[in-house]
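All remarks here apply to the structure that follows.
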Amino acid sequence: MDFFAWILIILLFSGSFIGLFYPIIPAILLVWMGVFVGHFFINDLIISWWTWSSLLVITVAIFIADYIASMYFITKYGASLLGKRVATIGLIVGSFIIPPFGIFIVPFTAVFLIEYMQNQSMKQSGKIAAGTLLGFISSTIVKAFLHLLIIIIFLVDALLF
Numbered sequence: 006m007d008f009f010a011w012i013l014i015i016l017l018f019s020g021s022f023i024g025l026f027y028p029i030i031p032a033i034l035l036v037w038m039g040v041f042v043g044h045f046f047i048n049d050l051i052i053s054w055w056t057w058s059s060l061l062v063i064t065v066a067i068f069i070a071d072y073i074a075s076m077y078f079i080t081k082y083g084a085s086l087l088g089k090r091v092a093t094i095g096l097i098v099g100s101f102i103i104p105p106f107g108i109f110i111v112p113f114t115a116v117f118l119i120e121y122m123q124n125q126s127m128k129q130s131g132k133i134a135a136g137t138l139l140g141f142i143s144s145t146i147v148k149a150f151l152h153l154l155i156i157i158i159f160l161v162d163a164l165l166f
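So the sequence shown is residues 6 to 166, counted in the numbering used here.
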């Protein structure tokens, strides 16, 4: 039983990294599902209170970092409120169109067009669209690091204690 549980944990953790690039896949939920599989199907004592607390704090940090990184770049480059909303929608729609490149192309193009239609210059619209990409990329890097940190903490607790 442990063998199959570990296979499932590996699949869930791997899927969480795919979810970083496909917003329709709940990345952090997959990480937590892997942790729960370890807890409920391998040994309910392998995960200490320190690990549970750490995972919860890091999960909150993921949501905060995601928001801050995305909004920082979009705001820094002067996106309008509509541009910010379109960036989010474009990211989700882009997951379905031309995968995996759609998550870059669709938000960039949509934000560029929205900002240009709101009387921004072509150069400024391009800067804002580039800020959207920088926000997504920086947010993804931070989330990947924090996901990896959660996985390492879980594995250290599960394998060493």
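Glycine residues also receive a C-beta, built at the ideal position from the N, C-alpha and C atoms.
Nearest to residue 63 by C-alpha distance, out of 165, 164 and 155, is 155.
For the pair residue 88 and residue 116, the CB atoms are nearer than the 8 Å cut-off. Contact between residue 133 and residue 77 is ruled out by a C-beta separation of about 13 Å, above the 8 Å threshold. Here residue 7 is exposed: its Cβ has fewer than 16 other Cβ atoms, across all protein chains shown, within 10 Å.
Of all alpha-carbon atoms in 137, 10 and 146, the one lying nearest the alpha-carbon of residue 80 is that of 137. Counting along the chain, no alpha helix (DSSP H) covers residue 104, and no H or E run does either. Pairing residue 42 with residue 32, the inter-Cα distance amounts to about 16 Å.
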